[in-house]
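Take a look at the structure set out below.
2 protein chains.
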Amino acid sequence: MNMPSKHLEQLVEHFSSLPGIGKKTALRLVLNLLKRDDKEIETFASDLAEMHEKISTCEVCSNIADGSLCAICSQNSRKREVICVVEDIRDIMAIEATEQYYGVYHVLGGVISPMDGIGPHDLNIDDLVNRVATGEVDEVVLALNPSMEGDTTNFFLYRKLADYEVNVTTLSRGVAVGTELHYTDELTLGRSILNRLPFDMNLVRK
Amino acid sequence: MNMPSKHLEQLVEHFSSLPGIGKKTALRLVLNLLKRDDKEIETFASDLAEMHEKISTCEVCSNIADGSLCAICSQNSRKREVICVVEDIRDIMAIEATEQYYGVYHVLGGVISPMDGIGPHDLNIDDLVNRVATGEVDEVVLALNPSMEGDTTNFFLYRKLADYEVNVTTLSRGVAVGTELHYTDELTLGRSILNRLPFDMNLVRK
Chain A
1 MNMPSKHLEQ LVEHFSSLPG IGKKTALRLV LNLLKRDDKE IETFASDLAE
51 MHEKISTCEV CSNIADGSLC AICSQNSRKR EVICVVEDIR DIMAIEATEQ
101 YYGVYHVLGG VISPMDGIGP HDLNIDDLVN RVATGEVDEV VLALNPSMEG
151 DTTNFFLYRK LADYEVNVTT LSRGVAVGTE LHYTDELTLG RSILNRLPFD
201 MNLVRK
Chain B
1 MNMPSKHLEQ LVEHFSSLPG IGKKTALRLV LNLLKRDDKE IETFASDLAE
51 MHEKISTCEV CSNIADGSLC AICSQNSRKR EVICVVEDIR DIMAIEATEQ
101 YYGVYHVLGG VISPMDGIGP HDLNIDDLVN RVATGEVDEV VLALNPSMEG
151 DTTNFFLYRK LADYEVNVTT LSRGVAVGTE LHYTDELTLG RSILNRLPFD
201 MNLVRK
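Chain order of the listed sequences is A and B.
Every letter in the first sequence is one number past the one before it in the working numbering, and letter 51, counting from 1, is 51.
Every letter in the second sequence is one number past the one before it in the working numbering, and letter 144, counting from 1, is 144.
In structure tokens:
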């Protein structure tokens, strides 16, 4: 694309460097911004400039935080004996939205993926082991994505944590609520039969 | 969504105010930016802050420009007697990419759309009339999108320009190159029969 202005081109470059945004979309975004008033652009730009300064990561769990501890680690009501291991902060937000979990978290920052050149040393695994090594943790819930890389990482963490007296659990795999059985893939359906549960009247009523 | 940081939330708000970007996508973009180094974020933010200052519109045609005249209006080789009227600068870029047009442009900044509350006075129409009123223009090519709003605007411009001695033309409507005839809609196919052209050996060879 032949841009009518050098500065426009630079801005389009910045926006199109973001994931899932191509040149044409980036141009549409920049043209939309051009129509806004100065003040709005100013706050956008200054918020962006200050992002590294103002957004920090939690010292304990690597979740995003406003200060040194994240909103979850600083809550007194949380059970510190249960740690849920997730790939990324979006998973924390998804689990928090269920209102079913009262432990704390640990953000790995990715999963082991040799294809993308990500090994165990690129992840936040040592911190997790250190947290478990204090002896204050009863359970580690592995809540990584159900993919090949997620499973590899689960296995690696399980082996790493085997030296400690801690209960390692994973999210249950099974039929998703609201789906039709005959559309569920074989692997999921197979696991849901293997891991069948005693019938619970309470779950039906909810 | 319950964000773990106020500043993160603000940035997500900024990004999700852009067209076609929802909260979840905005969060993905901000998390991606968080991983970049300081220098990269700094140039992004400063380029954004300077956008209104550095990107101007051409005095003549309202195209985006680095100075007072756009790259096209400042070219000596352009035929100033032919003006192509477009909705937005992306249309200029599309027409320029064809390398088939050697006149100049006029950016309307939109089309008449009563549904969106856009009337003729919100568009750059008076400037176009002034350009034609100089008597130096032979032809005005209406190159608006082939939609209801585009056609309404075409008609409005045609009436406005009727007082001047200027040839008003529009882009030809017809069967698009590479499509299959039986998939072409009736209106387009009908027009392409009505506006049939003498067979041109040169077009076949190209």
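For every residue, glycine included, the Cβ atom is placed at its ideal position computed from N, Cα and C.
Compute the distance between the beta-carbons of residue i and residue j, then report whether it is under 8 Å.
i	j	result
A/Ser56	A/Ala49	no
A/His106	A/Arg131	yes
B/Glu136	B/Arg191	no
B/Pro4	A/Ile89	yes
B/Ser172	B/Asn195	yes
B/Leu157	B/Val104	no
A/Lys54	B/His7	yes
A/Met93	B/Asn2	yes
Which chain A residues sit within Cβ distance under 9 Å of residue i?
i	result
B/Ile41	Leu48, Ala49, Met51 and His52
B/Leu31	Ile64, Asp88, Ile89 and Arg90
B/Met93	Met1, Asn2, Met3, Pro4 and Leu27
B/Leu99	Just to set this straight, residue 99 of chain B is Glu in the shown sequence, not Leu. Result: empty, since nearest Cβ-Cβ is about 10 Å, beyond 9 Å.
By Cβ distance, which residues of its chain are closer than 8 Å to residue i, with the 5 residues on each side in sequence left out?
i	result
B/Leu29	Phe15 and Ile21
A/Thr169	Glu139, Val140, Val141 and Leu142
A/Glu96	Ile72
A/Leu189	Val175 and Leu181
A/Glu165	Gly135
A/Val177	none
A/Ser219	Since the first and last residues shown for chain A are 1 and 206, residue 219 of chain A lies out of range.
A/Asp163	none
List, in order along the chain, the chain B residues whose C-beta lies closer than 9 Å to that of residue i?
i	result
A/Cys70	Pro4 and Ser5
A/His268	Nothing about residue 268 of chain A can be reported from this structure: the residues present for chain A run from 1 to 206 only.
Excluding five sequence neighbours on each side, which residues of the same chain lie with their C-beta closer than 6 Å to the C-beta of residue i?
i	result
B/Cys58	Ala65, Leu69, Cys70 and Cys73
A/Phe44	none
A/Ser62	Val107 and Asn124
A/Tyr101	Ile95
Just to confirm my understanding: we take residue i, look at its own chain, exclude 5 residues before and 5 after, and list those with CB closer than 7 Å. What are they?
i	result
B/Ser113	Glu149
A/Glu87	Leu108, Gly110, Val111, Leu144 and Asn145
A/Asp91	Ala143
A/Glu9	Met3
A/Lys160	Ile125 and Val129
For my contact list, residue i and residue j are in at a C-beta cut-off of 8 Å; report their separation, rounded to the angstrom.
i	j	result
A/Leu11	B/Met51	6 Å
What residues of chain B sit near residue i, judged by a beta carbon separation below 8 Å?
i	result
A/Ile83	What A/Ile83 touches in chain B: nothing, since even the nearest Cβ is about 17 Å away.
A/Arg196	In chain order: nothing, as chain B lies at least about 33 Å away.
A/Leu18	Leu29, Asn32 and Leu33
A/Glu96	Asn2
Can you pull the chain A residues whose beta carbon is under 7 Å from the beta carbon of residue i, in chain order?
i	result
B/Leu34	Met51 and Ile55
B/Gln10	Asp47
| query | Quick one: complete alpha helix (DSSP H) runs, 4+ long, within the region 14-67 of chain B? | reply | 23-34, 38-49 and 51-54
| said: Report the start-end ranges of each beta strand (DSSP E) in the region 138-194 of chain B that is 3 residues or longer and not cut off at the edges. | reply: 139-142 and 167-170
| message | Which complete alpha helix (DSSP H) runs does the region 66-115 of chain A hold, if anything under 4 residues is left out? | response | 89-98
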